[in-house]
Amino acid sequence: MAGNYPGTGGPARGSEIPPVSYLQWYIPRLKENRKHNLSFSGLQFPWELEGIENVWKDHRGPGIDERELISKMYGVSVDNVHLCMGATQGIALAISAASRGGKVAVEMPSYGPVSQTARILGLETVAVHRITTSTAWVIDRDEWSLVLESVDLLMVTPQLNPVGWSFTEEDRNWLVSECKRKDVRIISDEVYSRADNSWRPMFTEGDNCITISSLTKVHGLGVIRYGWIIADESIIANVANSFHNMEGMMSSPTIRIVEHIKNRLHEPVELIEHYREKNLPVLISALERLGIEWTPPPHGVFGAFRIPGVNTIEMIDTIGKEHSLLAVPGIMFGPGLEEWLRIGWSIDPVSFAEAVSVLELVIRTALDIT
Ligand SMILES: Cc1ncc(COP(=O)(O)O)c(C=O)c1O
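If you're matching positions, the sequence shown starts at 0 in numbering that gives the first Met the number 0 and goes up one per residue.
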C-alpha cells in the first residue's frame with residue numbers, strides 16, 4: 000500500500016508539503032481509546048507534576064543557563080548544546096544549521112519528520128534503506144555508498160522506528176568513515192537511545208555529526224516539548240540563529256517543569272527495564288504459539304515483526320478494531336513493510352498481558368488458523 004510511508008523528492012511547499020501519513024492514520028485511532036493499546040513508541044510514565052511554583056513565569060535571569068542540564072547529562076560544554084521544543088523541532092533546526100545546500104540522504108524506514116523536513120526547508124532528498132533481517136537491520140552498503148557520493152547531509156535514526164534495533168557496530172563504524180571521507184554531515188535522531196546505557200551519541204564521532212534527542216520517548220514527557228541538539232560549536236551557533244528566527248525562546252513552563260523533576264530522570268529508564276522483564280516473555284510466547292519468528296531488540300520499548308501473508312493495516316482496521324486493539328502497521332515507516340506490525344510494551348504488565356491475548360486472537364483470525 001504505497002503512500003502511507005514518508006515520501007522523498009524535491010523541495011516542497013504549499014500543497015506539495017508531504018503529510019506525516021503515520022500521524023494522519025494514528026491520531027484518529029488513538030482518539031477512539033481502544034481498550035488494548037499496544038501502539039505506544041514511548042514510555043507511559045505516571046508523572047505527577049502538580050505544585051510547581053511560578054511555573055508560567057520567565058525562567059531566565061542572571062547566572063541561569065538553561066543548557067546546563069543537558070551539558071552535564073552528556074559531559075559537554077554548554078556551547079555544544081542548544082535546547083528546542085522537542086526532537087521534531089530539533090530536526091528542522093539542525094537541517095537548517097548544517098545544510099550546505101546539497102541533496103539530503105534520508106534513511107528508510109523512518110518517522111516522517113526525520114525524512115521529510117528537509118524538503119520543506121527547500122532541499123532535495125534521496126532515500127537510503129536498511130535491509131530487513133530477523134535481528135538488527137543492516138545498512139545496504141552498496142546503495143548508501145553510491146547515494147553518499149551525491150549528498151552533503153544524511154538523516155538517520157540509529158534506534159530504528161519501527162523495529163527498535165540499532166546500527167550494528169560494524170555498520171556504525173563503516174558509516175562514520177564513509178561520511179567523513181565523502182564530507183557528509185550526519186544528523187542523528189536519538190530519541191530512543193537513552194534506554195540503552197551503552198549508547199555512544201553520534202556527535203562523539205566528530206565535527207560532522209549532530210545528535211538530537213528529547214524527553215518524549217524514554218521519559219514519557221512528550222507533552223512538555225523539551226528537546227536538544229548537540230554538535231560542534233559552529234553548527235550550534237547556526238542553530239541559535241535559526242532558533243531565534245523560528246521559535247524565539249524556550250517555553251518557561253517547560254524549563255521549570257524539567258528543573259523540577261531533573262533528579263528523577265533515571266526513574267523512567269528503570270521502569271523500561273522492569274517492563275521489558277515482565278512483558279517481553281509474554282509477547283515472545285504468544286508469537287511462538289503463532290509460529291512467528293521474532294528476536295526482540297536488546298533495548299527500548301517497542302519492536303516489530305512480520306506476519307506472513309497478512310496486510311497489517313487491514314488487520315488493525317478490521318479485526319483489530321472489532322476487538323478494540325491498536326498497534327501500528329510497519330508500512331507507516333517505509334516501503335515493503337506491509338506485513339510488519341509494531342508492538343510497544345511500555346504499559347503495566349496486567350494490561351499488557353490482556354492486550355497480548357487479544358493480539359494473539361486477532362493474528363490467529365487474520366491468519367485463519369485455529
Ligand atoms: C524517530 C523519532 N523522532 C522524533 C519523534 C518525536 O519526538 P518529539 O516529541 O521530541 O518531537 C518521534 C515520534 O514518534 C520519532 O519516532
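Even glycine gets a Cβ: it sits at the ideal position worked out from N, Cα and C.
message: Considering only heavy atoms of ligand 1, does any lie closer than 8 Å to the CB of Q88?
response: Yes, ligand 1 has a heavy atom inside 8 Å of this Cβ.
message: Taking only three categories from DSSP, how would you classify A239?
response: In the structure shown, A239 adopts helical secondary structure according to DSSP, grouped into three states.
field: Continuous alpha helix (DSSP H) assignments of at least 4 residues falling wholly in the stretch 190-254
entry: Look at the stretch 190-254 and you find these whole runs of alpha helix (DSSP H), each 4 residues long or longer: 232-245.
query: K181: beta carbon under 8 Å from a heavy atom of ligand 1?
result: No, the Cβ of K181 stays beyond 8 Å of every heavy atom of ligand 1.
query: Under a three-way DSSP split, which group does H35 fall into?
result: In the structure shown, H35 falls within a strand segment according to DSSP collapsed to helix, strand and coil.
message: Less than 9 Å between the C-beta atoms of G121 and P10, yes or no?
response: Between G121 and P10, the C-beta gap is smaller than 9 Å, which places the two residues in contact.
message: What I want to know is whether the C-beta of N160 ends up closer than 8 Å to one or more non-hydrogen atoms of ligand 1.
response: Yes, ligand 1 has a heavy atom inside 8 Å of this Cβ.
message: In whole angstroms, give me the CA-to-CA distance for E47 and D182.
response: Approximately 46 Å between the Cα atoms of the pair.
task: Give the range of the alpha helix (DSSP H) segment to which S187 is assigned.
output: Counting along the chain, S187 falls outside any alpha helix (DSSP H), though it belongs to the beta strand (DSSP E) covering 184-188.
query: Can you tell me whether S176 is buried or exposed, with buried defined as 16 or more other CB within 10 angstroms of its CB?
result: Counting the other Cβ atoms within 10 Å of the Cβ of S176 gives fewer than 16, which makes it exposed.
task: Taking all protein chains shown into account, decide if I16 is buried (16 or more other Cβ within 10 angstroms of its Cβ) or exposed.
output: Classification of I16: exposed, given that the 10 Å Cβ count is below 16.
message: With H, G and I counted as helix, E and B as strand and the rest as coil, what does DSSP make of A135?
response: Collapsing the DSSP output to three states places A135 in coil.
Paired residues, beta bridge with K102 - DSSP: V150, per the DSSP bridge assignment.
- prompt: Where does T87 fall in DSSP's three states?
  reply: T87 sits in a helix when the DSSP states are folded into three classes.
query: Sorry if obvious, but does the Cβ on K320 come closer than 8 Å to a heavy atom of ligand 1?
result: With a cut-off of 8 Å, the C-beta of K320 is classified as distant from ligand 1, since no heavy atom of the ligand falls inside that distance.
task: Measure how close the beta-carbons of G8 and T124 come, nearest whole angstrom, since I'm counting them as under 8 Å.
output: About 7 Å; that satisfies the 8 Å criterion.
- prompt: Do M314 and I362 have their CB atoms nearer than 9 Å?
  reply: Taking 9 Å as the cut-off, the Cβ atoms of M314 and I362 count as close.
field: N-terminal and C-terminal residue of the beta strand (DSSP E) that T124 is part of
entry: Run containing T124: 124-130, per the beta strand (DSSP E) assignment.
task: Output the distance between the C-alpha atoms of P157 and D188, rounded to the nearest integer angstrom.
output: Distance between the alpha carbons of P157 and D188: 7 Å.
task: State yes or no: is the C-beta of G41 nearer than 8 Å to some heavy atom of ligand 1?
output: Using a cutoff of 8 Å, the CB of G41 counts as near ligand 1, since one of the ligand's heavy atoms is closer than that.
query: Between which two residues does the beta strand (DSSP E) containing W339 stretch?
result: Run containing W339: 339-343, per the beta strand (DSSP E) assignment.
N172 to I69 span [Cα, whole Å]: Going by the C-alpha atoms only, they are around 26 Å apart.
field: C-alpha gap between P376 and T87, whole angstroms
entry: Given that the chain is displayed from residue 0 to residue 369, the structure contains no residue 376 and the question cannot be resolved.
- request: Pull up the DSSP beta-bridge partners for G302, would you.
  value: Looking at the DSSP assignment, G302 forms a beta bridge with I342.
- prompt: Which class does R363 belong to by DSSP, given the choice of helix, strand or coil?
  reply: Helix at R363.
- prompt: Looking at C-alpha atoms only, which residue of E31, T134, H259, S345 is the closest neighbour of I51?
  reply: For I51, the closest C-alpha among the options E31, T134, H259, S345 is that of H259.
task: Assess, as a yes-or-no matter, whether the stretch 156-170 is touched by the stretch 125-141 under the definition of 3 or more beta carbon pairs within less than 8 Å.
output: The stretch 125-141 vs the stretch 156-170: in contact.
The alpha helix (DSSP H) enclosing I119, as first and last residue numbers: Its alpha helix (DSSP H) spans residues 111-119.
task: Indicate, with yes or no, if ligand 1 has a heavy atom lying under 8 Å from the CB of D188.
output: Under cutoff, so the answer is yes.
N207 versus S192, I223, L174, W227, residue with shortest Cα-Cα distance: Looking at the Cα atoms, L174 is the closest of the given residues.
- prompt: Out of curiosity, what's the CA-to-CA distance linking G308 and E338?
  reply: C-alpha separation (whole angstroms): 7 Å.
- request: Could you have a look at H322 and say whether DSSP puts it in helix, strand or coil?
  value: Under the three-state reduction of DSSP, H322 is assigned to coil, being neither helix nor strand.
Status (buried if at least 16 other CB within 10 Å, exposed otherwise) for K219: The sequence shown places Gly at residue 219, rather than the Lys named in the question. Under this definition G219 is a buried residue.
- request: Within the same chain, show all residues whose beta-carbon is closer than 8 Å to that of M0, passing over the 5 residues directly before and after it, in chain order.
  value: In this predicted model, M0 has a pLDDT of only 37, less than 50, meaning its place in the structure is not dependable; the value taken from the coordinates is given anyway. Result list for M0: N310, I312, I330, E337, in chain order.
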